[in-house]
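In our numbering, the protein residues as written are 10 to 195. Please read the structure below before turning to the comments.
Dropping the structure here:
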C-alpha cells in the first residue's frame with residue numbers, strides 16, 4: 010500500500026495509522042492528494058470509506074416560526090435575495106406524528122459570511138428565529154456495510170444486508186420485511 014501511495018502522491022502529503030482490526034487509516038493533508046487517492050481506490054475496487062471534505066460541507070441552520078405550508082422555493086428565493094447561497098431547504102417533520110412542523114432546515118453553500126444568517130429576524134413578513142441545529146448524540150450507522158461512524162454516501166465497502174446478513178443490499182434482498190433482521194456486527 011505504501012509503495013502504491015508513494016507513486017500517487019508525495020510522502021509529505023499523507024500519514025497513516027494501523028488499526029487493531031487490520032485496517033489502515035489514511036490522513037491526507039491536501040484536497041488534490043485526497044481526490045487522487047480516492048479515485049485510485051475506486052478504480053482498484055478496494056473496500057474503504059471516507060468522509061465529506063470540510064470545505065464541501067453545507068452550513069446548516071434551522072429556521073423557526075415560519076408556517077409549514079410556506080413553499081420551499083419561496084423560502085429559498087427569499088434567503089438568496091438576502092445574499093446567501095442556498096443549497097437545500099427541507100421542512101422538519103415531527104418524530105412522533107410525522108406531521109410537518111413550523112421549522113425548516115436550510116443548507117447554505119460553504120462561505121465565510123454564512124454566520125450572518127443568524128442576524129435575520131424577519132422572512133416573508135414572518136417573525137422568525139434562526140438557530141444552529143441541535144447536536145445529536147446518536148452513533149451514525151452506514152446503510153451499506155452496516156458499520157458505525159460513517160454513512161453510505163462515502164462508503165465503498167461491500168454491501169451487508171440488514172435482513173439476512175449476506176453480501177447484497179437490503180433493497181435487493183429476497184427475504185420479506187417480516188423476516189427477523191440479522192446483525193452483521195454481532
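The beta-carbon is built from N, C-alpha and C at its ideal position, and this holds for glycine as well.
| Asked | Found |
| --- | --- |
| By Cβ distance, which residues of its chain are closer than 6 Å to residue 72, with the 5 residues on each side in sequence left out? | 113, 115, 137, 139 |
| Using only alpha-carbon positions, find the residue among 54, 183, 60 that is nearest to residue 35. | 60 |
| Between residue 77 and residue 109, is the Cβ-Cβ spacing less than 8 Å? | yes |
| Is residue 172 near residue 178, with beta carbons less than 8 Å apart? | no |
| At what residue ranges does the stretch 77 to 110 contain a whole run of the alpha helix (DSSP H), taking only runs of 4 or more? | 81 to 90 |
| Decide yes or no for the touch test of the stretch 151 to 167 against the stretch 56 to 70: beta carbon pairs closer than 8 Å, at least 3 of them. | yes |
| If residue 123 and residue 132 are in contact, beta carbons under 8 Å, what's the gap, nearest whole angstrom? | Not confirmed; about 16 Å, so no contact. |
| Pick out whichever of 170, 106, 186 has its Cα sitting closest to the Cα of residue 193. | 170 |
| Let me check understanding here. Comparing Cα to Cα, which of 195, 32, 44, 25 lies closest to residue 17? | 44 |
| So, with DSSP's three-state summary, where would you put residue 139? | strand |
| Taking residue 178 as part of the alpha helix (DSSP H), name the residues at either end of that continuous run. | First-last for residue 178: undefined, no H or E at that position. |
| Do residue 55 and residue 46 come within 8 Å of each other at the CB atom, strictly closer than that value? | no |
| Measure the alpha-carbon distance for residue 85 versus residue 93 and round it to whole angstroms. | 9 Å |
| Does DSSP put residue 129 in a helix, a strand or coil? | coil |
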